[in-house]
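In UniProt numbering, the protein residues as written are 1 to 496.
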């Protein structure tokens, strides 16, 4: 492009930032611009550190275009330039994108290893956003392998950390993945609640593909809840946004879900029309799972419409895609080969260690929820005099995605526990409070605590008011509730 042909080396940092922003809005224009800037960098013979950054940006553009082999090769060149220039702060992001390329190329075990290494590097360089993204991507491997509980567990940790950091990109990505998981297990209300929470972050981050995916997933939740008019409104709106922003992938997955909905409504011709339009994007990105689903939905529509010839053709496609999936790296690597199973197990052990690192970060970031506070509470409890009230606070009726709620409770308890009073968190939305330096009776303290929590403007923050139960307990009972941390901290939920 003409405007990039006369670039100087000094102008490149600002241009790189423009390319990153354009990547979020229009992948076609971003790819064209990135190619032109890369050519100019080669003309200028820029330093290796600058070329490493340029190649990494161009790798993203290639991946966004669905050119996964080219993107992978570009990341390999990026890593070479990183080594030559010692710009090791780029290394974690490079391994993140190599993992994404391997995932798109269906090299699932290698992708897990790349993501795991990206997390380790990111934690070393305090690049928390990259660590969250790599961690969240790991969850998708477990999801594909049928380990839904592990996938959900990883996603909740990643989402909570993103919320605490107010990282709009990672709030959006981890939130979408978690909402999809909740929809898959039939927890539609909580999926919808979560999606409403992340809408603002998706818009603030600005990646229109993610904006469309949030809206598309909201529509899926509405379909499951029987709110069909709202679902159709969201599907149509997301298609308009995807069209306007040339978001081919977002358009394809929205058309697929919309087609599924229309077929469920016995609107077969409209549904098949959506699926035919979805084919272009899905085939471009060579996603066998979505190709299989499109073929399956077409079979249903054609059979219902008594077009058995077309149904038979789609059945053959469905079988072909199914065979390809069952012979893919995913199943053969994760379920068939002992060597690769052991590789995955090694990665799983590293991920477990990484989870502890994430929990420690959550302790550091979260107000009042550090391990040291918990241990301090144990000491105070063991040495508390008999006349010091200890309260057991238990909440219920809270969404499965509790990050924002727990932040508000942390703030309220900090306000309530003044002087030498202190508190700590237990599993399952429970808390312990030691209240000192108060002239109020225990009943008066309980009444004030309940009043403070009940009167908090939960609705203003988009949250439902929780149900609360407060009881006075002995120091011995409190010590028993504090026992799990002595077994290594795994059983205690010190997340937020």
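Don't be surprised by glycine CBs; every beta carbon is placed ideally from N, CA and C. Quick caveat, the model's predicted, so the values are computed rather than measured.
With the cut-off set at 9 Å, would you say residue i and residue j are in Cβ contact?
| i | j | result |
| --- | --- | --- |
| residue 261 | residue 244 | no |
| residue 463 | residue 430 | no |
| residue 207 | residue 23 | yes |
| residue 220 | residue 231 | yes |
| residue 256 | residue 275 | yes |
| residue 71 | residue 62 | yes |
| residue 123 | residue 156 | no |
| residue 272 | residue 281 | no |
| residue 250 | residue 212 | yes |
| residue 38 | residue 55 | yes |
| residue 84 | residue 125 | no |
| residue 210 | residue 253 | no |
| residue 53 | residue 31 | no |
| residue 434 | residue 450 | no |
| residue 406 | residue 425 | yes |
Would you tell me roughly how many angstroms separate the C-alpha atoms of residue i and residue j, rounded to the nearest one?
| i | j | result |
| --- | --- | --- |
| residue 432 | residue 379 | 13 Å |
| residue 173 | residue 476 | 44 Å |
| residue 377 | residue 422 | 7 Å |
| residue 329 | residue 75 | Residue placement at residue 329 is poorly supported in this model, since its pLDDT is 48, which falls under 50; the coordinates are not used for a value here. |
| residue 36 | residue 5 | 8 Å |
| residue 283 | residue 81 | 33 Å |
| residue 394 | residue 147 | 31 Å |
| residue 182 | residue 197 | 15 Å |
| residue 29 | residue 21 | 11 Å |
| residue 203 | residue 25 | 11 Å |
| residue 310 | residue 68 | 32 Å |
| residue 454 | residue 112 | 45 Å |
| residue 3 | residue 277 | 35 Å |
| residue 396 | residue 200 | 26 Å |
| residue 266 | residue 316 | 23 Å |
| residue 410 | residue 164 | 12 Å |
| residue 46 | residue 14 | 15 Å |
| residue 320 | residue 460 | 52 Å |
| residue 531 | residue 217 | Since the first and last residues shown for the chain are 1 and 496, residue 531 lies out of range. |
| residue 194 | residue 398 | 12 Å |
| residue 305 | residue 297 | 12 Å |
| residue 158 | residue 180 | 15 Å |
Tell me which same chain residues have a C-beta within less than 6 Å of the C-beta of residue i, skipping the five on either side of it?
| i | result |
| --- | --- |
| residue 167 | 129 |
| residue 465 | 458 |
| residue 336 | Residue placement at residue 336 cannot be trusted, given a pLDDT of 46 that sits under 50; the coordinates are not used to answer. |
| residue 162 | 132, 170, 171, 174 |
When the Cα of residue i is compared with those of the options, which residue comes out closest?
| i | options | result |
| --- | --- | --- |
| residue 106 | 39, 237, 141 | 141 |
| residue 318 | 291, 302, 28 | 291 |
| residue 139 | 116, 127, 125, 120 | 116 |
| residue 153 | 135, 165, 164 | 135 |
| residue 313 | 305, 295, 51 | 295 |
| residue 143 | 397, 302, 108 | 108 |
| residue 215 | 293, 288, 238, 48 | 238 |
| residue 302 | 263, 289, 321 | 263 |
| residue 414 | 279, 452, 472, 443 | 452 |
| residue 472 | 444, 298, 218 | 444 |
| residue 58 | 417, 77, 34, 440 | 34 |
| residue 442 | 10, 386, 456, 304 | 386 |
| residue 289 | 150, 300, 322, 114 | 322 |
Excluding the 5 residues preceding and the 5 following residue i in the sequence, name in chain order all residues of the same chain whose CB lies nearer than 7 Å to its CB.
| i | result |
| --- | --- |
| residue 169 | 129, 205 |
| residue 479 | 381, 382 |
| residue 118 | 92, 95, 96, 99, 130, 134 |
| residue 446 | 391, 470 |
| residue 185 | 148 |
Here's a check: name, in chain order, each residue in its chain whose Cβ is nearer than 8 Å to the Cβ of residue i, leaving out the five neighbours to either side.
| i | result |
| --- | --- |
| residue 225 | 188, 189, 192 |
| residue 41 | 12, 50, 51, 54 |
Quiz prompt | alpha helix (DSSP H) segments (min. 4 residues) lying fully within the segment 224 to 302 | solution = 228 to 244, 248 to 264, 268 to 284
Self-check item: Uninterrupted alpha helix (DSSP H) stretches inside the segment 3 to 91 (no shorter than 4 residues)
Solution: 12 to 25, 27 to 44, 48 to 64, 68 to 85
Practice problem: Any chance you could list the beta strand (DSSP E) runs of at least 3 consecutive residues sitting entirely within the segment 154 to 202, in chain order? | Solution: none
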